[in-house]
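Novice:
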Amino acid sequence: MRSAEGFSVFTGIGAFNVTGPSSVSGDVGTNAGEFNGFPPGILSGQKYVENTVSQQASVDLGLLYDDLFARTCDSVILVAMGNGQILIPGVYCAGAASKIAGSFIFDSQNDPNYIFIIQIDGTFSSAPNTTMTLINGASSCNVFWLINGMLTLAGNTRFKGNAVVQGAVSLLDSARVEGRILVTSGAINMASNVVTTCLSALPVDLIRFVVKLNIEKKSVSLLFMI
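For what it's worth, our numbering labels the leading residue of the sequence shown as 48, then goes sequentially.
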């Protein structure tokens with residue numbers, strides 16, 4: 048990703064609009080377009096608009112798009128995704144506009160270094176309340192969605208991964224992203240969303256943890272069960 052890695056939400060060419068109390072951890076910006084937002088909303092990173100930082104990020108994002116596009120497809124994935132579907136690591140391709148609904152699970156098979164790439168040759172949209180889950184060491188940092196068209200995340204969608212998009216992006220009310228929204232060319236519209244930088248997986252899966260409070264010693268102890 049190079050310089051694009053520091054961005055949580057970015058477009059190389061396009062307007063950037065934020066409405067409602069959105070929250071983003073990480074940098075945001077556009078290299079060519081009007082920027083409206085933060086405020087309103089909460090931003091823990093920086094805004095970069097039409098400067099040397101955004102220019103380099105746009106170049107590096109183009110290289111990332113080309114790299115993902117050149118990956119050889121391991122498996123064809125249906126354009127109707129979700130409803131309990133489980134993916135193991137690999138490169139998946141959908142040859143047309145696609146939709147996702149219900150639950151969608153990434154299973155890294157106990158190797159946190161495995162990569163998931165989903166290439167979609169068309170628009171991509173989620174149904175309301177769609178959820179994505181990471182299991183067995185999977186990390187949102189290692190999930191890449193290559194979308195050759197518009198991306199629309201419906202209300203209350205829980206999206207995981209790095210969306211590399213060639214088209215406009217709309218995050219509808221209360222959609223949440225754990226990862227990044229990176230657009231080569233297209234406007235970005237956010238509406239009361241939360242975007243958090245992708246999180247690396249723990250080397251083990253926690254079954255449970257126990258918190259013990261010692262009032263006399265004024266201390267708290269944590270016991271992790273694996």
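Quick reminder that beta carbons are idealized off the backbone N, C-alpha and C, glycines included.
At the level of alpha carbons, what is the spacing between glycine 84 and valine 56?
Specialist: Counted from its first residue, the sequence shown places residue 84 at position 37. Counted from its first residue, the sequence shown places residue 56 at position 9. Each residue's Cα considered, the two are about 12 Å apart.
Novice: Quick one: residues in its chain with C-beta nearer than 7 Å to the C-beta of isoleucine 124, no 5 flanking neighbours on either side, listed in chain order?
Specialist: Locating residue 124 in the sequence shown gives position 77, counting from the first residue. Excluding positions up to five away in sequence, the list reads Tyr139, Cys140, Ala141, Ile165.
Novice: Excluding five sequence neighbours on each side, which residues of the same chain lie with their C-beta closer than 6 Å to the C-beta of phenylalanine 82?
Specialist: Along the sequence shown, read from residue 1 onward, the residue named residue 82 stands at position 35. Contacts found: Phe63, Val96.
Novice: Rounded to whole angstroms, how far is the Cβ of aspartate 113 from the Cβ of serine 50, which I believe are closer than 8 Å?
Specialist: Looking up residue 113 in the sequence shown gives position 66. Looking up residue 50 in the sequence shown gives position 3. About 16 Å separates the two Cβ atoms, so there is no contact after all.
Novice: Once DSSP output is grouped into helix, strand and coil, what is the label at valine 106?
Specialist: Locating residue 106 in the sequence shown gives position 59, where the first residue counts as 1. Reduced to three states, the DSSP call for valine 106 is helix.
Novice: Are there 16 or more other CB atoms within 10 angstroms of the CB of aspartate 158, so buried, or fewer, so exposed?
Specialist: Residue numbering aside, residue 158 sits at position 111 when the sequence shown is read from its first letter. The residue in question, aspartate 158, is exposed, as its Cβ has fewer than 16 Cβ neighbours within 10 Å.
Novice: Is the CB of arginine 223 under 9 Å away from at least one CB in chain D?
Specialist: Looking at the structure shown, chain D is missing, and only one protein chain is on hand.
Novice: Does the count of Cβ pairs from the segment 229-241 and the segment 195-211 closer than 8 Å reach three?
Specialist: yes
Novice: Kindly indicate which residue of Ser145, Phe151, Ile182 has the alpha-carbon position closest to the one of lysine 170.
Specialist: For the purposes of this step, residue 170 is identified with residue 123 of the sequence shown, where counting begins at 1. The question names lysine, but residue 170 in the sequence shown is threonine. Comparing Cα-Cα distances from threonine 170 to each of Ser145, Phe151, Ile182, the minimum goes to Ser145.
Novice: What do you reckon, are the CB atoms on leucine 229 and leucine 90 nearer than 9 Å?
Specialist: Taking the sequence shown and counting its residues from 1, one reaches residue 229 at position 182. Taking the sequence shown and counting its residues from 1, one reaches residue 90 at position 43. Contact flag unset, no.
Novice: Considering Cα atoms alone, identify which of Thr243, Leu219, Gly226 is closest to valine 211.
Specialist: Start at 1 with the first residue of the sequence shown, and residue 211 comes out as number 164. Out of Thr243, Leu219, Gly226, Gly226 has the C-alpha closest to the C-alpha of valine 211.
Novice: Can you tell me whether glycine 131 is buried or exposed? The criterion is at least 16 other CB atoms within 10 Å of its CB, across all chains shown.
Specialist: To locate residue 131, count along the sequence shown from 1; it is residue 84. Burial call: exposed.
Novice: Nearest-angstrom Cα distance between proline 86 and serine 122?
Specialist: In the sequence shown, counting from the first residue as 1, residue 86 sits at position 39. In the sequence shown, counting from the first residue as 1, residue 122 sits at position 75. Distance between the alpha carbons of proline 86 and serine 122: 43 Å.
Novice: Using 10 angstroms around the beta-carbon of proline 136, count the other beta-carbons present and answer buried if the total reaches 16, otherwise exposed.
Specialist: As a first step, residue 136 is located in the sequence shown; it is residue number 89 there, counting from the start. With 16 or more Cβ atoms within 10 Å of its Cβ, proline 136 is classed as buried.
Novice: So serine 69 packs on glycine 88, CB below 8 Å; how close in whole Å?
Specialist: Position 22 of the sequence shown, counting from 1, holds the residue named residue 69. Position 41 of the sequence shown, counting from 1, holds the residue named residue 88. Yes, serine 69 and glycine 88 are in contact; Cβ-Cβ is about 4 Å, under 8 Å.
Novice: Can you tell me whether glycine 149 is helix, strand or coil according to DSSP?
Specialist: In the sequence shown, residue 149 corresponds to position 102, counting from 1. Glycine 149: coil per DSSP, three-state reduction.
Novice: Any idea what DSSP makes of threonine 178, helix, strand or coil?
Specialist: Taking the sequence shown and counting its residues from 1, the one referred to as residue 178 is at position 131. Strand, per DSSP.
Novice: Under a three-way DSSP split, which group does alanine 117 fall into?
Specialist: Position 70 of the sequence shown, counted from the first residue, corresponds to residue 117. Secondary structure of alanine 117 (DSSP, three-state): helix.
Novice: Please report the Cβ distance between alanine 222 and asparagine 203, rounded to the nearest whole angstrom; I am assuming they are in contact, meaning their Cβ atoms lie under 8 Å.
Specialist: Counted from its first residue, the sequence shown places residue 222 at position 175. Counted from its first residue, the sequence shown places residue 203 at position 156. Yes, alanine 222 and asparagine 203 are in contact; Cβ-Cβ is about 7 Å, under 8 Å.
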